[in-house]
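Each protein sequence line maps, in turn, to chains F and H. So the first sequence is numbered by UniProt numbering: it starts at 1 and just counts up by one. So the second sequence is numbered by UniProt numbering: it starts at 1 and just counts up by one. Working notes, structure below.
Protein chains: 2
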Amino acid sequence: MRGELTAKGRATRRRIVEGAAEVLRERGVVATTLDDVLARTRTSKSQLFHYFPSGKDELLVAVARFEAGQVLADQEPHLGRLDSWEAWARWRDAVVERYEEQGDQCPLGSLLHRIGRTTPGTRAIVTGLLRTWQESLAAGIRALQAADLLPGDVDVETRAAALLAAIQGGVSILLSTGESGHLRAALDQSIADLRRDGDPARPRATAG
Amino acid sequence: MRGELTAKGRATRRRIVEGAAEVLRERGVVATTLDDVLARTRTSKSQLFHYFPSGKDELLVAVARFEAGQVLADQEPHLGRLDSWEAWARWRDAVVERYEEQGDQCPLGSLLHRIGRTTPGTRAIVTGLLRTWQESLAAGIRALQAADLLPGDVDVETRAAALLAAIQGGVSILLSTGESGHLRAALDQSIADLRRDGDPARPRATAG
DNA sequence: GATGGAGTGGACCGCAGGGTCCACTCCGTC
DNA sequence: GACGGAGTGGACCCTGCGGTCCACTCCATC
């Protein structure tokens, strides 16, 4: 069915997904009803069920996929080119800024929580996102190696995995407390420790 | 009202909270209804509303408080005595094991998500938990300093904050993907980096 | 053994909100 | 300009579930 959509149809479907994403970000998954989405997107029930025959859950999955795309898109300018310590610093700032702005709403997290992470398709969304993210970080570390800023024997995968966990943890604490201090600390410490791999004489942590 | 409960009343209230916690862990917040809790705890609606006059949300807050207590209680034997690298390793194992067992259910997270983190009382639950947790980690680092295993100029607070974020991130990835690799990597890397503060000649990461 | 309040049982209510249905319009094709 | 299928509108249905209510029991106190 997805492939057979008219241009008009595709536009409507897209309008629904993006509008739903808006509403969901504003009110949260729990509080958002189909009627809210309908009102926001100027659509009728029949349209919604026309494009998402299995109803709300199918819509939420579509929105989750959309939001997952956003995460990397938002940091792409920096994430794709982590080949100097300055680039890493800029990326760090971008991440912190992005999540500070976002405040205590985690669109993707809430969605997945509501749908259930266990269903294969759903879990694939987040595992795919995390994998890509971590690969970008690993590529960044290798770029540092290529630029002779890091020695070749750094355990790239472990560093990348730990870095990703640091971000996730910082974000999750930001979501719970509203404070971005941990996100900053985690990123700063991780980057500082990574940097020490290349220069053991460095200070132990960057100043806040 | 809380103070005026009979022994019998307190027992019932407690039975409800603990039973609810069980059901919530098994089915998740979204899928759990009051009737489920009632059935599990062999209680009637009137009792539930007798002890939690504002209904479901009040019950969930009580359960959240209960679960928050559990988190630290579960690691207390290790968390209170982080005065050697071996103790840190044992604690690491305990954390990994605990969260691997728990699987992809995060009782506290789901609860708070459902209730909303913005209400003052609710946010206090998680901020309090995180603060205590981080203080224990900081105390552990200071214990290492006292034992001359770490120099005195380590930035204890940043290290502790980053460590806490690492755990949270690892757990949150475990919840999403079902894999504990990131949790392990994050903890190992964090501890290894911390350890390098005391011995710069050490290898860059512990082997998995 | 009367009194009253805490504790308990469960029938019942109200409605939000997901999902169905059918009638309609729009537009490309012949 | 008839035909048909995609696209649209919105009334309606129905269940699940949070919450209310009242009748009852249990037990401490006098």
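Glycine included, C-beta positions come from ideal geometry on N, C-alpha and C.
Contacts around residue i, its chain only, beta-carbon distance under 8 Å, and the 5 residues preceding and following it disregarded
i	result
Thr90/H	The sequence shown places Arg at residue 90/H, rather than the Thr named in the question. The residues are His78.
Gly208/H	Residue placement at Gly208/H cannot be trusted, given a pLDDT of 43 that sits under 50; the coordinates are not used to answer.
residue 209/H	Outside the shown range of chain H (1 to 208) lies residue 209/H, about which nothing can therefore be said.
Ala7/H	none
Ala73/F	none
Contacts around residue i, its chain only, beta-carbon distance under 7 Å, and the 5 residues preceding and following it disregarded
i	result
Ala161/F	Gln134
Ala166/H	Ala186, Leu187 and Ser190
Ala143/F	Leu82 and Asp83
Ala138/F	Val156, Glu157 and Ala160
Glu100/H	Ser180
Lys56/H	Leu34
Arg92/H	Leu187 and Ile191
Phe49/H	Gly55
Ser44/H	Leu38
Residue environment, residue i, which counts as buried when at least 16 other CB atoms sit within 10 Å
i	result
Ala20/H	buried
Ala192/H	buried
Asp197/H	buried
Ala68/H	buried
Thr33/F	exposed
Ser136/F	buried
Arg2/F	Residue confidence for Arg2/F is low, a pLDDT of 46 falling below 50, so the modelled location carries little weight and cannot support an answer.
Gly103/H	exposed
Gly140/H	buried
Asp199/F	exposed
Reference residue i, options the options, closest by Cα
i	options	result
Leu163/H	Asp153/F, Gly181/F, Asp155/F and Pro151/F	Gly181/F
Gly9/F	Phe52/F, Ala146/F and Leu137/F	Phe52/F
Val17/F	Arg42/F, Leu111/F, Val29/F and Val63/F	Val63/F
Ile173/F	Ile141/H, Gly128/H and Leu5/H	Gly128/H
Ala11/F	Ala31/F, Asp153/F, Val29/F and Gln47/F	Gln47/F
Ala31/H	Ala147/F, Ala87/F, Gly116/F and Val126/F	Gly116/F
Trp85/F	Gln145/F, Val126/F and Arg15/F	Gln145/F
Arg98/F	Val171/F, Thr118/F, Gly80/F and Asp199/F	Val171/F
Ala147/F	Ala87/F, Val29/F and Thr119/F	Ala87/F
Gly80/H	Arg195/H, Thr132/H, Asp153/H and Ile125/H	Thr132/H
Val126/F	Leu149/F, Asp153/F, Gly152/F and Phe66/F	Phe66/F
Asp152/F	Leu194/F, Thr118/F and Ala73/F	Note on identity: in this sequence residue 152/F is Gly, with Asp being the wrong assignment. Per the Cα distances, Leu194/F.
Whole-angstrom C-beta distance between residue j and residue i, which should lie under 8 Å
i	j	result
Gln75/H	Val96/H	Contact doesn't hold; Cβ gap of about 11 Å is too wide.
Arg114/H	Leu60/H	6 Å
Leu108/F	Val71/F	7 Å
Leu175/F	Cys106/F	5 Å
residue 217/H	Arg27/H	Residue numbering for chain H in the displayed model covers 1 to 208; residue 217/H lies beyond these limits and cannot be assessed.
Leu130/F	Thr177/H	7 Å
Gly169/F	Gln168/H	4 Å
Leu5/H	Arg13/H	7 Å
Endpoints, the alpha helix (DSSP H) within which residue i is located
i	result
Asp57/H	Lys56 to Leu79
Arg14/F	Ala7 to Arg27
Glu135/H	Pro120 to Ala146
Glu101/H	Trp85 to Gln102
Leu48/F	Lys45 to Tyr51
Gln189/F	Gly181 to Gly198
Gly178/H	It is not in any alpha helix (DSSP H) - Gly178/H carries neither H nor E in the DSSP assignment.
Pro107/F	Pro107 to Ile115
Thr32/H	Careful: Thr32/H lies outside any alpha helix (DSSP H) and carries neither H nor E.
Beta-carbon contacts of residue i that lie in its chain and below 6 Å, excluding the five residues immediately before and after
i	result
Arg40/H	Gly19 and Val23
Thr206/F	Because Thr206/F sits at a pLDDT of 48, beneath the cut-off of 50, its placement in the model cannot be relied upon, and the point is left open.
Val154/H	Asp197
Leu150/H	Leu144, Asp197 and Gly198
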